[in-house]
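Data first, discussion second: the structure below is written as structure tokens.
There are 2 protein chains.
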Amino acid sequence: MSSNAYDCGSVKPLSELFKLLAEPNRLKILCSLGLECRPVSDVVEATGLSQTNVSFHLRLLREAHLVRAERRGPFVYYCLYDPNLLAILDQMRKWLEAHEATMGEESIRRAK
Amino acid sequence: MSSNAYDCGSVKPLSELFKLLAEPNRLKILCSLGLECRPVSDVVEATGLSQTNVSFHLRLLREAHLVRAERRGPFVYYCLYDPNLLAILDQMRKWLEAHEATMGEESIRRAK
DNA sequence: ACCGCACATGAGTAGTAACGCATATGACTG
DNA sequence: CAGTCATATGCGTTACTACTCATGTGCGGT
Numbered sequence: 027m028s029s030n031a032y033d034c035g036s037v038k039p040l041s042e043l044f045k046l047l048a049e050p051n052r053l054k055i056l057c058s059l060g061l062e063c064r065p066v067s068d069v070v071e072a073t074g075l076s077q078t079n080v081s082f083h084l085r086l087l088r089e090a091h092l093v094r095a096e097r098r099g100p101f102v103y104y105c106l107y108d109p110n111l112l113a114i115l116d117q118m119r120k121w122l123e124a125h126e127a128t129m130g131e132e133s134i135r136r137a138k
Numbered sequence: 027m028s029s030n031a032y033d034c035g036s037v038k039p040l041s042e043l044f045k046l047l048a049e050p051n052r053l054k055i056l057c058s059l060g061l062e063c064r065p066v067s068d069v070v071e072a073t074g075l076s077q078t079n080v081s082f083h084l085r086l087l088r089e090a091h092l093v094r095a096e097r098r099g100p101f102v103y104y105c106l107y108d109p110n111l112l113a114i115l116d117q118m119r120k121w122l123e124a125h126e127a128t129m130g131e132e133s134i135r136r137a138k
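Written out as structure tokens, the structure reads:
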């Protein structure tokens, strides 16, 4: 068949991951967690979002197993399930920057 | 301040990229393009989507400079702007699979 | 110039997701 | 065990996005 079609298998799981990462506030939350575990209140302060909103997003991230929650006394600490996620995000950003740089040149060639 | 907070800089561009990739059909389209250039009709056939729908998504991808369009006779050929995108997608999928495998073990430990 | 093919676009609709408000839960303190 | 602090959840609203239908546009052949 078409020689060079990529094996896209089931795109569902991948697209669901992207959907989670597509929300700016969720990205902020993930980044604000960094490599450590932090209580919700820290995330609220770091992101400037409402507590309700942070909890809302944290639930989605938790259900997707991107973050993990554990109680410590009255606090609930959240941390990344897999620290590699940050590395991946970083790599994506680098790709984006390089890509956008290329786009800059491109807009010149665009004449006609 | 908070020692280990990741530099999230502006999450906007990154989240917009993710948003584009979060649509299953858009992912299918990108994968069906593979490393070659293909006319829209090929993509329609490969994905099983309506022509209108494919054009709709291709427009978004084009405006984001993820794909490029060029006319060849009566056809319009689309190709990935940066083939590395496929490599990135592949890497993401591998991460996901490894991650989900870990989750499997995790659900055992979950017993209170 | 007309017609047909490949593709693009505009309008309208339906489904979904984010957010705020109010309230519930769960843990510690007196 | 009443009260308070940290966090979670249900509900209602609003905004966005994918999709379809109908139609427009550009190219090639006759």
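If you read the sequences in order, they're chains A and B.
Quick note: the first sequence, position 61, residue 87 per the working numbering, numbers continuous.
Quick note: the second sequence, position 13, residue 39 per the working numbering, numbers continuous.
Idealized CB from N, CA, C, for every residue including glycine.
Being a predicted model, the structure only gives us computed values, none of them experimental.
For Cys-105(B), the pairing in a beta bridge is given by DSSP as Arg-94(B).
Rounded to whole angstroms, the gap between the alpha carbons of Leu-111(A) and Gly-99(B) is 45 Å.
In this structure Leu-59(A) does not touch Ser-41(B) by the C-beta definition: roughly 16 Å separates them, more than the 8 Å allowed. Below the 8 Å Cβ cutoff, chain B contributes Val-37, Lys-38, Ser-41 as neighbours of Pro-50(A), in chain order. Of all residues in the segment 100-111 of chain B, the ones placed with a Cβ closer than 9 Å to any Cβ belonging to chain A are Tyr-107, Asp-108, Asn-110, Leu-111, in chain order. DSSP places Pro-39(B) within a helical segment (H, G or I) once states are collapsed to three. For a Cβ distance threshold of 7 Å, residue set Pro-39, Leu-40, Leu-43 of chain B lies close to Leu-122(A), ordered along the chain. Within chain A, the residues placing a beta-carbon under 7 Å from that of Arg-119(B) are Leu-40, ordered along the chain.
Under the 7 Å criterion on CB atoms, Leu-53(A) is classed as interfacial with respect to chain B. Annotated three-state conformation of Pro-100(A) is coil, per DSSP.
Taking C-beta atoms as the reference points, Glu-96(B) and Tyr-103(B) count as a pair closer than 7 Å. Taking 7 Å as the threshold, the shortest C-beta distance from His-83(B) to chain A does not fall below it.
In terms of CA proximity to Glu-49(B), Leu-84(B) leads the group Phe-101(B), Gly-130(B), Leu-84(B), His-125(B). Short of 7 Å from the beta carbon of Cys-63(A), and not among the five residues preceding or following it, lie these beta carbons of its own chain, in chain order: Tyr-103, Tyr-104, Cys-105.
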